[in-house]
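Student: Right, I'll just put the structure down here and ask away after.
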Amino acid sequence: MAKIIGIDLGTTNSCVSVMEGGEPVVIPNAEGQKTTPSVVGWNKDHERLVGVVAKRQAVTRPTETVFSIKRFMGRAFDEVATEISEVPYKVVKTSSGQVGIETEAGEFAPPQISAMILQKMKETAEAYLGETVTEAVVTVPAYFNDAQRQATKDAGKIAGLEVKRIINEPTAAALAYGLDKKHKNETIAVYDLGGGTFDVSILELGEGVFEVKSTNGDTHLGGDDFDQAIIDWLVGEFITAEGIDLTQDPMALQRLKEGAERAKCELSSSTQSEINLPFITADANGPKHLNLTLTRSRFEQLVDALIERSVEPCRKALADAGLKAGDIDEVLLVGGSTRMPAVQAKVKEVFAKEPNRSVNPDECVAMGAAVQGGVLSGDSDLTDVVLLDVTPLSLGIETLGAVSTKLIERNTTIPAKKSQVFSTADDNQSVVDIHVLQGEREMAHDNKSIGRFQLTGIPPAPRGVPQIEVTFDIDANGILHVSAKDTATGKEQSIRIESSSGLSDSEVEQMVQDADSHASEDKGRREKVDARNNADSLLYTARKSLADLGDKVEADDRSSVEAAISDLEAVLDSEDVSVLRAKTETLQSAAATVAQKAYEAQAAQ
0 MAKIIGIDLG
10 TTNSCVSVME
20 GGEPVVIPNA
30 EGQKTTPSVV
40 GWNKDHERLV
50 GVVAKRQAVT
60 RPTETVFSIK
70 RFMGRAFDEV
80 ATEISEVPYK
90 VVKTSSGQVG
100 IETEAGEFAP
110 PQISAMILQK
120 MKETAEAYLG
130 ETVTEAVVTV
140 PAYFNDAQRQ
150 ATKDAGKIAG
160 LEVKRIINEP
170 TAAALAYGLD
180 KKHKNETIAV
190 YDLGGGTFDV
200 SILELGEGVF
210 EVKSTNGDTH
220 LGGDDFDQAI
230 IDWLVGEFIT
240 AEGIDLTQDP
250 MALQRLKEGA
260 ERAKCELSSS
270 TQSEINLPFI
280 TADANGPKHL
290 NLTLTRSRFE
300 QLVDALIERS
310 VEPCRKALAD
320 AGLKAGDIDE
330 VLLVGGSTRM
340 PAVQAKVKEV
350 FAKEPNRSVN
360 PDECVAMGAA
370 VQGGVLSGDS
380 DLTDVVLLDV
390 TPLSLGIETL
400 GAVSTKLIER
410 NTTIPAKKSQ
420 VFSTADDNQS
430 VVDIHVLQGE
440 REMAHDNKSI
450 GRFQLTGIPP
460 APRGVPQIEV
470 TFDIDANGIL
480 HVSAKDTATG
490 KEQSIRIESS
500 SGLSDSEVEQ
510 MVQDADSHAS
520 EDKGRREKVD
530 ARNNADSLLY
540 TARKSLADLG
550 DKVEADDRSS
560 VEAAISDLEA
570 VLDSEDVSVL
580 RAKTETLQSA
590 AATVAQKAYE
600 AQAAQ
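Residue numbers (numbering that gives the first Met the number 0): 0 to 604.
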């Protein structure tokens, strides 16, 4: 059977692995390296370069060399202003409002650039295996949203690969770590700080089952941000010394990036690094040189706030899993950025234990993807391996009163399927709008809209009578399918959520933070909407009962119900929930008396 390769499609570096003799093997590229820079460029003849050869020309052709494309995947142009300011190549807005990368060789969408990197990984695997490769498991950050996952799948398709499964990076790392520990029960945390993204996942391992209990993260935190902190410092120092802003020169900016990246790596093992960039620019007085010393302590001051941003997701992941730091048996460090001593110290502080460095932080994600590839292809050595992953954010629909009704809660094991029956809000309503939401807030407008569709052709009926069954189905890739079905007619409409822009990273993190900080405010607003909906429904029922019963209702009882209806209508828009509830109970009592008398009269006949 053909091999299913595992690919770690990283922000700064990518890696490919395959199962051999029951073990994942990382495949070296044509240059002999086990990781390949996630860089695509074009030379003067418009020949495409991928990997280390593309990275080498970055200084001389900065506008024709694309890196960190992962930060643009599945996102609209209006969401990536910060990312655009940090790259020297030209990012344009397409006619549909999406991101386009403009080069001399043409304009490319982010999935196309990612596809070029995936093709390089595919070719690397084919050269090693001596056979054509058509299937892969590709990893994504755990906190990637629906659109970003879909964009990754699209990239695979463009590269000529059928993406059999998309799995979360920390989960893949856990698979690589736990493969030889299948008969050991333990709870692990995976702290994954890569080039562009941060994830933390809590997993339980035992008897070959890898179960994710919770996940959290920040999709705009990684080595790129540490590089940027050094670049900002270098730019500031050079302005002070020479009065020249290097950010206006793409070639100088690219040299600064290379110098910053080199210094960052050196400072993981040395206490200081010399950043020497001769002929960085020139003015009327001649060439200018940049020569600065960056100490580890100064670097740690520059990035302290960035490292601190990883703490809250760790605490939330522990809370969502219902665990304390002391319940964690091992903390795995994944991603090149975890080599920084300050990061390791922060992990030790948060989890109150020395982190486990037994896995290679650059290779373990691809290895885990290869393990999953082996599971999917029926590898006899992996028959007892079961992976249970989760969805990072809650999913639901908008219901009456602009409320967000969750169908699938965050950290639900996937694949998952959930159905709920809803009805119409108005009499003779023939169309139902299904508005799909992603997020943790109680009110619809506080969450992210990720898709809309309509169920039409509903037969005329009083409100509340039609039975509309809404089904949410998340596949093992974390991609959502939603359907709505009128149970009376069998008419069905469905949508695969392939939102063209997805959520901006800041929106994703903001949703959970807002949900925490606004929890009591949300609860009050939700109670108000529920009380109003109950009152509205009761008014409709009471009026209908009076009309249906006609002269069978005694005059006094009719007056009592009508008075209660008037009283409730008067406070329907009241901000005081207790008043609304009291008037609702009064009408309920009056209407119940009428209904009881009508029932007794009918029974006596």
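Even glycine gets a Cβ: it sits at the ideal position worked out from N, Cα and C.
Taking M18 and V370 to be in contact with their CB atoms under 8 Å, please state how far apart those CB atoms are, rounded to whole angstroms.
Tutor: Within the sequence shown, residue 18 is the residue found at index 19, counting from 1. Within the sequence shown, residue 370 is the residue found at index 371, counting from 1. Contact flag correct, Cβ pair sits at about 7 Å.
Student: Thinking C-alpha only, which one of T196, G207 and D191 is nearest E185?
Tutor: Residue 185 sits at position 186 when you count from the first residue of the sequence shown. Selected option, being the one with the closest Cα: G207.
Student: Using 8 Å for Cβ pairs, my map puts A443 next to L436. What's the rounded Cβ distance?
Tutor: In the sequence shown, residue 443 corresponds to position 444, counting from 1. In the sequence shown, residue 436 corresponds to position 437, counting from 1. So it is a contact: roughly 6 Å between Cβ atoms.
Student: Closer than 8 Å by C-beta to E526: which residues in its own chain qualify, once you throw out the five before and the five after it? Chain order, please.
Tutor: In the sequence shown, residue 526 corresponds to position 527, counting from 1. These residues qualify, in order along the chain: V576.
Student: Relative to the C-alpha of V136, which candidate in K163, V481 and A124 has its C-alpha closest?
Tutor: In the sequence shown, the residue the question calls residue 136 occupies position 137. The shortest C-alpha separation from V136 is found at K163.
Student: Expressed to the nearest angstrom, what Euclidean distance is found between the alpha-carbon atoms of Q595 and S565?
Tutor: Locating residue 595 in the sequence shown gives position 596, where the first residue counts as 1. Locating residue 565 in the sequence shown gives position 566, where the first residue counts as 1. About 22 Å.
Student: Would you call the CB atoms of P469 and I494 closer than 8 Å?
Tutor: Numbered from its first residue, the sequence shown carries residue 469 at position 470. Numbered from its first residue, the sequence shown carries residue 494 at position 495. The amino acid at residue 469 is misidentified as Pro; the sequence shows Val. It is not a contact, given that the beta carbons lie outside the stated cut-off.
Student: Within the stretch 415-447, note down every full beta strand (DSSP E) run reaching 3 residues or more, in order along the chain.
Tutor: 415-421 and 431-437
Student: Which residue comes first and which comes last in the beta strand (DSSP E) that contains I6?
Tutor: Counting from 1 along the sequence shown, the entry for residue 6 is found at position 7. Unbroken beta strand (DSSP E) run through I6: I3 to D7.
Student: What are the boundary residues of the alpha helix (DSSP H) that M115 is part of?
Tutor: As a working note, residue 115 is residue 116 in the sequence shown. In the DSSP assignment, M115 falls within the alpha helix (DSSP H) that extends over P109 to L128.
Student: Ignoring anything shorter than 4 residues, give me the alpha helix (DSSP H) runs that lie fully in the stretch 136-211, in order along the chain.
Tutor: 145-157 and 168-177
Student: Indicate whether the contact test is met: 3 or more Cβ pairs, each with one atom in the stretch 201-216 and one in the stretch 314-326, closer than 8 Å.
Tutor: yes
Student: DSSP has E22 in a bridge; who is on the other side?
Tutor: Here residue 22 refers to the residue found at position 23 when the sequence shown is read from its first residue. DSSP, once it has assigned bridges, lists E19 as partnering E22.
Student: Rounded to whole angstroms, what's the CA-CA distance from A424 to R462? Just pull it up for me.
Tutor: Taking the sequence shown and counting its residues from 1, one reaches residue 424 at position 425. Taking the sequence shown and counting its residues from 1, one reaches residue 462 at position 463. Straight-line Cα distance between these residues: approximately 5 Å.
Student: When DSSP builds the beta bridges, which residues end up paired with A483?
Tutor: Taking the sequence shown and counting its residues from 1, one reaches residue 483 at position 484. According to DSSP, which records beta bridges pairwise, A483 is partnered with V469 and Q492.
Student: May I ask you to list the residues that DSSP assigns as paired with L387?
Tutor: To locate residue 387, count along the sequence shown from 1; it is residue 388. DSSP lists E210 as partners of L387.
Student: Going by the CB atoms, is the gap between G194 and D223 shorter than 8 Å?
Tutor: Start at 1 with the first residue of the sequence shown, and residue 223 comes out as number 224. Start at 1 with the first residue of the sequence shown, and residue 194 comes out as number 195. For D223 and G194, yes; Cβs fall inside 8 Å.
Student: Please go through the same chain and pick out, in chain order, the residues whose beta-carbon is closer than 6 Å to the beta-carbon of E101, but skip the five residues on each side of it.
Tutor: Indexing the sequence shown from 1 puts residue 101 at position 102. The answer, listed in chain order, is K89 and V91.
Student: Among Q149, G438, G21 and A368, which one has its Cα closest to the Cα of L406?
Tutor: In the sequence shown, residue 406 corresponds to position 407, counting from 1. Selected option, being the one with the closest Cα: G438.
Student: Locate the alpha helix (DSSP H) running through T592, then write down its first and last residues.
Tutor: Taking the sequence shown and counting its residues from 1, the one referred to as residue 592 is at position 593. Note, T592: alpha helix (DSSP H), V576 to A603.
Student: Do A475 and I6 have their C-beta atoms within less than 8 Å of each other?
Tutor: In the sequence shown, residue 475 corresponds to position 476, counting from 1. In the sequence shown, residue 6 corresponds to position 7, counting from 1. Result no, Cβ atoms of A475 and I6 do not sit closer than 8 Å.
Student: Do the stretch 21-33 and the stretch 94-109 meet, that is, are 3 or more Cβ pairs less than 8 Å apart?
Tutor: no
Student: Just checking, does the stretch 188-202 make contact with the stretch 372-383 on the three C-beta pairs under 8 Å criterion?
Tutor: no
Student: Of the residues R254, G258, T292 and T11, which one's Cα is nearest the Cα of Q271?
Tutor: Stepping through the sequence shown from its first residue, residue 271 is reached at position 272. Cα-wise, what sits closest to Q271 is T292.
Student: D145 and I478 - do their beta-carbons sit closer together than 8 Å?
Tutor: Here residue 478 refers to the residue found at position 479 when the sequence shown is read from its first residue. Here residue 145 refers to the residue found at position 146 when the sequence shown is read from its first residue. Cβ atoms of I478 and D145: closer than 8 Å.
Student: Between the stretch 273-291 and the stretch 238-249, do at least 3 Cβ pairs fall closer than 8 Å?
Tutor: yes
Student: Pick out whichever of M250, V38, C363 and D472 has its Cα sitting closest to the Cα of P618.
Tutor: Only positions 0 to 604 of the chain appear in this structure, which leaves residue 618 out of reach.
Student: Starting from A246, trace the alpha helix (DSSP H) in both directions and tell me its first and last residue.
Tutor: As a first step, residue 246 must be located in the sequence shown, where it is residue number 247. According to the sequence provided, residue 246 is Thr. The question's Ala does not apply to it. Premise fails: T246 is in no alpha helix (DSSP H) and is neither H nor E.
Student: According to the neighbour-count rule (16 or more other Cβ atoms, all chains shown, within 10 Å of its Cβ), is S499 buried or exposed?
Tutor: Against the sequence shown, residue 499 aligns to sequence position 500. Note that S499 scores 41 on pLDDT, short of 50, meaning its location in the model is unreliable and no value can be drawn from it.
Student: Contact check, V132 vs K121 under 8 Å by CB: the rounded distance?
Tutor: Numbered from 1 along the sequence shown, position 133 holds the residue referred to as residue 132. Numbered from 1 along the sequence shown, position 122 holds the residue referred to as residue 121. The pair is a contact, with the Cβ atoms about 6 Å apart (cut-off 8 Å).
Student: Pick helix, strand or coil for E236, following the three-state DSSP scheme.
Tutor: Counting from 1 along the sequence shown, the entry for residue 236 is found at position 237. In this structure, E236 counts as helix in the three-state DSSP scheme.
Student: So which of V374, G321, N290 and K263 has the shortest CA-CA distance to Q300?
Tutor: Indexing the sequence shown from 1 puts residue 300 at position 301. Closest by C-alpha distance to Q300, out of V374, G321, N290 and K263, is K263.
Student: So, with DSSP's three-state summary, where would you put Q253?
Tutor: By one-based count along the sequence shown, residue 253 stands at place 254. Of the three classes helix, strand and coil, the one that applies to Q253 here is helix, per DSSP.
Student: Could you have a look at L301 and say whether DSSP puts it in helix, strand or coil?
Tutor: In the sequence shown, the residue the question calls residue 301 occupies position 302. Helix, per DSSP.
Student: Does DSSP put N12 in a helix, a strand or coil?
Tutor: Here residue 12 refers to the residue found at position 13 when the sequence shown is read from its first residue. Correct three-state label for N12: strand.
Student: On a Cα-Cα basis, can you pick out the residue from T81, P465 and K352 that is closest to T487?
Tutor: Walking along the sequence shown from the start, residue 487 turns up at place 488. Note on identity: in this sequence residue 487 is Ala, with Thr being the wrong assignment. Checking every option, the nearest Cα to that of A487 belongs to P465.
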